[in-house]
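Residue numbering for the sequence shown follows my numbering, beginning at 22 and increasing consecutively. Structure, as structure tokens:
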Amino acid sequence: MAAPRWEDVDGLITRLCATRGNFATETSDNNSIAQYEPGVRLMHESDRGPRWVAIDDVQECWATFERLGSVNRQDLLQPGFCSAFMFALFAQVDGVVRDPVEPARLTFAALSGRAGLTAPGTAGPRVVPD
């Protein structure tokens with residue numbers, strides 16, 4: 022499995038906006054993307070209210086993920102200070118999994134040696150065969 026790319030993140034944002042798919046973050050149980058202006062900004066709605074997020078900020082956080090190969094929330098603080106949203110968004114990208122040793126860290130399935138152990142687009146608990 023190849024590592025996901027920015028286009029995969031953009032496709033996820035488009036789908037979440039079109040379906041108003043709900044997802045949880047560490048700071049809010051109810052999150053959705055209410056509006057998306059490709060290449061410009063998205064409207065993140067949560068229990069805490071709506072917030073515009075610049076797509077440049079999402080791309081910069083994704084570039085950090087690609088550069089480091091794995092991230093935790095602290096790695097995603099800059100820019101924009103919406104690390105819980107970024108972490109939860111990236112966790113839904115096909116090919117992204119929770120690190121088996123450090124569950125508060127995301128990594129690429131292709132790099133973890135555990136590709137295929139979670140359903141596509143999920144970074145939740147995994148069953149690891151003996």
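Don't be surprised by glycine CBs; every beta carbon is placed ideally from N, CA and C.
Quiz item: Residues in its own chain within less than 6 Å of T176 by CB, not counting five upstream and five downstream?
Solution: Residue coverage of the chain in this structure runs from 22 to 151, which leaves residue 176 outside it and unanswerable.
Quiz prompt | G42 versus A84, T35, T85, S53, residue with shortest Cα-Cα distance | solution = S53
Quiz prompt | Residues near I34 in its chain [Cβ-Cβ closer than 7 Å; skip 5 each side] | solution = I54, Y57, L63
Self-check item: Segment limits, beta strand (DSSP E) that includes T153
Solution: Residue 153 cannot be examined here, being either before or after the span of the chain that is shown, 22 to 151.
Quiz item: Alpha carbon to alpha carbon, what distance is there between G101 and A140?
Solution: Because A140 carries a pLDDT of 37, less than 50, the predicted location of this residue cannot be relied on, and the following value inherits that uncertainty. For A140 and G101, the gap between their C-alpha atoms comes out near 30 Å.
Self-check item: Alpha-carbon spacing of R94 relative to W83, whole angstroms
Solution: 12 Å
Quiz prompt | Selected residue, minimal CA-CA separation from A45, among W27, A109, H65 | solution = A109
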